[in-house]
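One gets this note's numbering by counting positions in the sequence shown from 1 and adding 4 to each.
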Amino acid sequence: MLSVLSFLLPVALALWVRTLVIDQRRMAEQLVVLRRDLDRLRPQGLAVSGEDALDETGEPDPGSAASETEEVTGGETLGAKPAGADRPEPVEAFAETGSHSDSESAMPLASPVPAERKSTDLESLIGGRWSALLGGLAIALGVLFLARYSIEAGLLGPRARMTMGALMSVALLGAGELMRRRDRQDAVPTLMSADIPGILTGAGAIGAFGTVYAAYALYGFVGPAIAFVGLTVLGIASLLLSAVHGPKLAALGLVGAYAAPLLVSSQEPNPVAFAAHILVVTAAVMGVARIRGWHWLAIGGVAGSTVLALLLLTIGTDTARISLGILLAALFAVHIASLVAGIAARPDPLEDRPAFRLAIGATLGVVLVAVLAILVWDNQLPLIMLTSGLAVLLVAAAGIWPSVSLVAPLSALLIVAALLSLQLDFPIMAGITSSLDLRDGVMAPDIGGFVRNSLLLAVPSFLLALFFGLKAAATAPGMAGRLTLAAMSIAVLTMTAVYLSVAPFETHIATGLTALALAAVMVGLTEIFGRARPEDWSAPAPAWLAVGAVALAGLAVAILLTRQWMPVGFAVTAAGACQIHGKRPVPALGWLAVALALLASSGLYFNAPFAADAIGLTPVFNKLIVIIALPAALLIWGGLALLQSGGRRPGELVIAFGLALAALFVALELRHFIAGGDIVGAPFGLIDMATQSMAALGFSVGLQLAARRSDAGVFQLASLLIGAIGIVAMALGLIVVFNPFLSNAALGDGRVFNLLLPGYLLPGLLAGLTGYLTPATRPKWYRIGYGATGAVLVFIYVSLMVRHGFQGEKVGLLRTTSDAEIWSYSVAWLVMGGCVLALGLIFRSLPLRAASAGIILLTVAKVFLIDMSALTGALRAFSFIGLGVSLMVIGRFYQRVLLRTGNRTGTGA
Numbered sequence: 005m006l007s008v009l010s011f012l013l014p015v016a017l018a019l020w021v022r023t024l025v026i027d028q029r030r031m032a033e034q035l036v037v038l039r040r041d042l043d044r045l046r047p048q049g050l051a052v053s054g055e056d057a058l059d060e061t062g063e064p065d066p067g068s069a070a071s072e073t074e075e076v077t078g079g080e081t082l083g084a085k086p087a088g089a090d091r092p093e094p095v096e097a098f099a100e101t102g103s104h105s106d107s108e109s110a111m112p113l114a115s116p117v118p119a120e121r122k123s124t125d126l127e128s129l130i131g132g133r134w135s136a137l138l139g140g141l142a143i144a145l146g147v148l149f150l151a152r153y154s155i156e157a158g159l160l161g162p163r164a165r166m167t168m169g170a171l172m173s174v175a176l177l178g179a180g181e182l183m184r185r186r187d188r189q190d191a192v193p194t195l196m197s198a199d200i201p202g203i204l205t206g207a208g209a210i211g212a213f214g215t216v217y218a219a220y221a222l223y224g225f226v227g228p229a230i231a232f233v234g235l236t237v238l239g240i241a242s243l244l245l246s247a248v249h250g251p252k253l254a255a256l257g258l259v260g261a262y263a264a265p266l267l268v269s270s271q272e273p274n275p276v277a278f279a280a281h282i283l284v285v286t287a288a289v290m291g292v293a294r295i296r297g298w299h300w301l302a303i304g305g306v307a308g309s310t311v312l313a314l315l316l317l318t319i320g321t322d323t324a325r326i327s328l329g330i331l332l333a334a335l336f337a338v339h340i341a342s343l344v345a346g347i348a349a350r351p352d353p354l355e356d357r358p359a360f361r362l363a364i365g366a367t368l369g370v371v372l373v374a375v376l377a378i379l380v381w382d383n384q385l386p387l388i389m390l391t392s393g394l395a396v397l398l399v400a401a402a403g404i405w406p407s408v409s410l411v412a413p414l415s416a417l418l419i420v421a422a423l424l425s426l427q428l429d430f431p432i433m434a435g436i437t438s439s440l441d442l443r444d445g446v447m448a449p450d451i452g453g454f455v456r457n458s459l460l461l462a463v464p465s466f467l468l469a470l471f472f473g474l475k476a477a478a479t480a481p482g483m484a485g486r487l488t489l490a491a492m493s494i495a496v497l498t499m500t501a502v503y504l505s506v507a508p509f510e511t512h513i514a515t516g517l518t519a520l521a522l523a524a525v526m527v528g529l530t531e532i533f534g535r536a537r538p539e540d541w542s543a544p545a546p547a548w549l550a551v552g553a554v555a556l557a558g559l560a561v562a563i564l565l566t567r568q569w570m571p572v573g574f575a576v577t578a579a580g581a582c583q584i585h586g587k588r589p590v591p592a593l594g595w596l597a598v599a600l601a602l603l604a605s606s607g608l609y610f611n612a613p614f615a616a617d618a619i620g621l622t623p624v625f626n627k628l629i630v631i632i633a634l635p636a637a638l639l640i641w642g643g644l645a646l647l648q649s650g651g652r653r654p655g656e657l658v659i660a661f662g663l664a665l666a667a668l669f670v671a672l673e674l675r676h677f678i679a680g681g682d683i684v685g686a687p688f689g690l691i692d693m694a695t696q697s698m699a700a701l702g703f704s705v706g707l708q709l710a711a712r713r714s715d716a717g718v719f720q721l722a723s724l725l726i727g728a729i730g731i732v733a734m735a736l737g738l739i740v741v742f743n744p745f746l747s748n749a750a751l752g753d754g755r756v757f758n759l760l761l762p763g764y765l766l767p768g769l770l771a772g773l774t775g776y777l778t779p780a781t782r783p784k785w786y787r788i789g790y791g792a793t794g795a796v797l798v799f800i801y802v803s804l805m806v807r808h809g810f811q812g813e814k815v816g817l818l819r820t821t822s823d824a825e826i827w828s829y830s831v832a833w834l835v836m837g838g839c840v841l842a843l844g845l846i847f848r849s850l851p852l853r854a855a856s857a858g859i860i861l862l863t864v865a866k867v868f869l870i871d872m873s874a875l876t877g878a879l880r881a882f883s884f885i886g887l888g889v890s891l892m893v894i895g896r897f898y899q900r901v902l903l904r905t906g907n908r909t910g911t912g913a
């Protein structure tokens, strides 16, 4: 009986409030018409009477003033509300057109006195508003103090207190309603924040809430069920009464209705009643917000329903799960009905409309609760019912109202969360199957049942999204794009989830072929949607479908191929996407190609280096060509095609990934050749470092040449990047890490052909030549870096060759150095400096002449600092004599050159 009453009472109150609102709107329209007539009469009658009321002396005529007063009164009579009007004019309006004194009425109404108006506003503020607000506060405090005094003095028992509280609440509610009706009849003005009937009604609602809660929590007069229903009914009643009493009562009802479940606790919560409470309260809140246009109340309803729905998740029974599933679908329907239906446009034909942010936010709250429910539950049936039904509702709403089409992709989020939560069950036959069989892998999993459940989740929303998207494709491209995004996401994510559940990271023919067939379907859909807007290449619907086709093709490649061949498949798919972009320049295809190129490159980098049995022992012509060189060539080719078809930025990124793979191929082939095929097992030494450094240098030069023939800036950038890597590799690897003078590594017995030749001389000459031939358009650090690095490497080569001639195979730092070796360094450095100087003069190169000067100065410093103290006898003399002769020869040579060029200084005075 109580439940029936709790259902009928809100319905009756809603009908009553709806009737009052209709009457109020009708009377408000009549009031607007009358006010318009009054404004039309003022300039014609009142202003003219004011002018005639002035006599020749400029003083107002009392008779005229009296007649004007009559006209003002008549104007007010025209503008007065009919009997039964709901709300009269505000007090400020009455201050301008109300009862005036004789002197005031004699003046034109178009020129009011500002000082008097300010005094009138202050009077209405103090007397009309603050007095009412303070009076309501005083009544509330008085009731509280009276209740406290009765408790402390023991005048009334608990039952009498509850009775008095209930009577007081009823009295306040009745007084508020009675005063509201009397004010309407007497046309008493209503102040926005000091409506006395609303204050009395709010005080009565607070008293009723306190009485019910005290009867439950303090004295135990009622049980949880009655208290819960009572608080809910009071909250809904407050919400409905707020339609005529204002927003403050609505806020009170909002807080009271949603806080009722938090105030009442139970050992055995009823999920059905809880869900019904959330739904009824939310419907009331959203209905009042819709009628009165209170967005803040709608936001409170969305937030309150979301929080209480999250609390329903804590009840872990099947009944709670089913109740929550039905509740979420109903809440979404309530949000759409109150925020969208009848408000959002449904143009025919369909057109894009601005998004309704409040409706989309409400949908996000519902989806959030649904996703959390999916992750928490382990029961399959409610999971499938909830996700499939709610996803269909999301797509349907997005397809009907263009302003909420943004909610369509949320259906994919629901479905993928449900797919990841689905369990791959095993067939259990009573008396036959045991847990031991399942644990030992004797029984095969029920793949068919899993696929069936997955299709039940995904197919309805997928087909519905395509249906609505096709309807909107011609006239509402944005709406169609969001719907096709939902369909594409559902297809791609469903195939991915099925693959990860059935055969994670393994080759699976059936799943791969299915993904390939679905990719072909996506290609066909791309053509169908493209014909809807054949000239609009920016239409998002064909773009998303093309992205889905390429993504499914890439997924099929990943499923059908092994991990070693997967990068090749991704590269082929990326190159295909680039070629398709040339036929249909959909912008999303270029960025999808970038993603596929990233997958191909990362797969190779993470799998490298490869074992000898995987690539073979044959130098150069081995499987590295297919595994790395082929993807590199495909990506570079596809990137160039993408550049030609207008996709500059994604095309350059695809080329960059291809160049990175090409650099990896060169490095691994060199390593393979040096290590005899054993890329992983052979030690990495000086020759490897030198070879990789020269490869980086050569690669940088090649990219520089490619940059001259192509408009793509990626070649220029890649050339600089790889060049910087080459400089760092030479500086750190050859000069520091793998330097045989520091590591004491063996160099071989050959006097000329040993590891110093490929390790230092060739890299030094190539680096110096690169720095010399680099055009001036390159950065200065690039030219100086390679030139200086080349000079240092050649200097180290000459020095270590001298040490190798005296020390043999090992030239470590700790080995003993003879006087002849120390003297030989001076000779070798002087010869080297002279040769570099000659080259600088021949080629007129200032950097070469500066390098020769540096070498000679270093030799001078060595002779005076080291040879003088370390050498003895004839070697010390020969060291200084040789240095002197060399410096004189160089000076004489410079004088000859300056004489020929005419750059002589003065001969003296």
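Cβ atoms here follow ideal geometry from the backbone N, Cα and C, with glycine treated the same way. Bear in mind that the values here come from a model prediction, so they are computed numbers and not experimental data.
Exercise. May I have the straight-line CA-CA distance separating Phe884 from Ala710, to the nearest angstrom?
Key: About 52 Å.
Quiz item: Whose C-alpha, out of Val798, Pro201 and Arg807, is nearest the C-alpha of Ala855?
Solution: Relative to the Cα of Ala855, the nearest Cα in the group Val798, Pro201 and Arg807 belongs to Val798.
Quiz prompt | Cβ neighbour criterion (16 or more within 10 Å) applied to Gln696 | solution = It counts as buried.
Quiz item: What is the rounded straight-line gap between the Cα of Leu759 and the Cα of Leu721?
Solution: Computed Cα separation, rounded: 33 Å.
Exercise. Just confirm the distance between the C-beta atoms of Leu301 and Ala307, as a whole number of angstroms; I'd bet it's less than 8 Å.
Key: Between Ala307 and Leu301 the Cβ distance is about 11 Å, and since that is not below 8 Å, they are no contact.
Self-check item: Other residues of its chain near Gly768: CB distance less than 7 Å, five sequence neighbours each side excluded
Solution: Contacts found: Gly794, Leu797, Val798 and Tyr801.
Exercise. Note the first and the last residue of the continuous alpha helix (DSSP H) segment covering Ser649.
Key: No alpha helix (DSSP H) contains Ser649, which DSSP labels as neither H nor E.
Quiz item: Is Gln948 buried or exposed, if buried means 16 or more other CB atoms sit within 10 Å of its CB?
Solution: The requested residue 948 does not occur in the structure, where the chain is confined to residues 5 to 913.
Quiz item: For Lys814, which residues of its own chain have a beta-carbon under 8 Å away from its beta-carbon, when the five flanking residues on both sides are left out?
Solution: For Lys814, where only same-chain residues beyond five positions count, the Cβ hits under 8 Å are Pro744, Asn748, Ala749, Ala750 and Leu751.
Quiz item: Ends of the alpha helix (DSSP H) at Phe719?
Solution: Boundaries of the alpha helix (DSSP H) harbouring Phe719: Gly717 to Val732, taken from the DSSP string.
Exercise. Could I get the ranges of all uninterrupted alpha helix (DSSP H) runs contained in the stretch 268–356, with 4 residues as the minimum, in chain order?
Key: List check, alpha helix (DSSP H) in window: 275–296, 299–316 and 322–343.
Exercise. Kindly confirm or deny that the stretch 512–525 and the stretch 459–471 touch, where touching means at least three C-beta pairs closer than 8 Å.
Key: The stretch 512–525 vs the stretch 459–471: no contact.
Practice problem: Report yes if the C-beta distance between Ser606 and Arg486 is below 8 Å; otherwise report no. | Solution: Contact: no.
Exercise. Use the C-beta contact count for Met3: other C-beta atoms within 10 angstroms, 16 or more gives buried, fewer gives exposed.
Key: Only positions 5 to 913 of the chain appear in the structure, and residue 3 is not among them; the question remains open.
Self-check item: Length of the line joining the Cα atoms of Ile303 and Val371
Solution: Distance between the alpha carbons of Ile303 and Val371: 16 Å.
Quiz item: Do you know offhand how far Ala84's Cα is from Arg185's?
Solution: Unreliable placement is indicated for Ala84, whose pLDDT of 38 sits below 50; the coordinate value is still reported in the next sentence. Cα to Cα, the separation comes out at about 18 Å.
Quiz prompt | Alpha-carbon to alpha-carbon, Leu376 and Pro413 | solution = Each residue's Cα considered, the two are about 17 Å apart.
Exercise. Pick out whichever of Gly586, Ala490 and Leu461 has its Cα sitting closest to the Cα of Leu474.
Key: The residue from Gly586, Ala490 and Leu461 with its alpha-carbon nearest to that of Leu474 is Ala490.
Quiz item: Who are the Cβ neighbours of Leu354 in its own chain at under 7 Å, not counting the five residues just before and after it?
Solution: Cβ within range, chain order: Pro406, Lys475, Ala476, Thr479, Ala480 and Met483.
Exercise. Closer than 6 Å by C-beta to Ile729: which residues in its own chain qualify, once you throw out the five before and the five after it? Chain order, please.
Key: Closer than 6 Å at Cβ, skipping near neighbours: Ala700.
Quiz item: For the 8 Å Cβ check, are there 3 or more pairs between the stretch 649–658 and the stretch 585–601?
Solution: Short answer: they touch.
Self-check item: Where Ala780 sits in the DSSP three-state scheme
Solution: DSSP places Ala780 in the coil class of the three-state scheme, outside both helix and strand.
Quiz prompt | Per-residue DSSP class, three states only, for Ala637 | solution = If DSSP states are grouped into helix, strand and coil, Ala637 belongs with the helices.
Quiz prompt | With 16 other Cβ atoms within 10 Å as the buried cut-off, status of Met872 | solution = Residue burial is scored here from C-beta neighbours: Met872 has fewer than 16 other C-beta atoms within 10 angstroms and is therefore classed as exposed.
Quiz item: Leaving out the 5 sequence neighbours to the left and right, which residues in its chain are closer than 7 Å to Ala324 when beta-carbon positions are compared?
Solution: Within the same chain, Ala324 has close Cβ partners Pro275 and Leu316.
Quiz item: Do you know how far the Cα of Ala333 is from the Cα of Arg296?
Solution: Roughly 25 Å separates the two Cα atoms.
Exercise. Less than 8 Å between the CB atoms is what I'm expecting for Ala395 and Leu418, so what's the real figure, rounded?
Key: Correct: roughly 5 Å between the Cβ atoms.
Exercise. Compute the beta-carbon to beta-carbon distance between Phe661 and Leu639, rounded to the nearest angstrom, for a pair I have assumed lies under 8 Å.
Key: Right, their Cβ atoms sit about 5 Å apart.
Quiz item: Among residues of its own chain, excluding the 5 on either side of Leu549, which ones have a beta-carbon nearer than 7 Å to its beta-carbon?
Solution: Apart from the 5 residues on each side of it in sequence, Leu549 sits with its Cβ closer than 7 Å to the Cβ of Thr488, Met492, Met526, Leu529, Thr530 and Phe533 in its chain, given in chain order.
Practice problem: Tell me, to the nearest whole angstrom, how far the beta carbon of Phe742 is from that of Gly689; I am working on the premise that it is less than 8 Å. | Solution: About 6 Å separates the two Cβ atoms, so the contact holds.
Quiz item: For Met805, is the classification buried or exposed, using 16 other Cβ atoms within 10 angstroms of its Cβ as the cut-off for buried?
Solution: Classified as buried, Met805 has 16 or more neighbouring CB atoms from the shown chains inside 10 Å of its CB.
Exercise. State the start and end residues of the unbroken alpha helix (DSSP H) segment that holds His512.
Key: Counting along the chain, His512 falls outside any alpha helix (DSSP H), and DSSP gives it neither H nor E.
Quiz prompt | Secondary structure of Ala750, DSSP reduced to three states | solution = The three-state secondary structure of Ala750, taken from DSSP, is strand.
Quiz prompt | Leu665 vs Gly655 beta-carbon contact at 8 Å | solution = No, Cβ-Cβ distance for Leu665 and Gly655 is not below 8 Å.
Practice problem: Note down, in chain order, each residue of its chain lying with its Cβ closer than 7 Å to the Cβ of Tyr786, except the 5 sequence neighbours on either side. | Solution: Only residues of its own chain outside the window of five on either side were considered, and among them Leu724, Gly727 and Thr778 have a CB closer than 7 Å to the CB of Tyr786, listed in chain order.
Quiz item: Straight-line CA distance for Ala180 to Met172?
Solution: Note that residue 180 is Gly in the sequence shown, not Ala. Gly180 and Met172 have their C-alpha atoms some 12 Å from each other.
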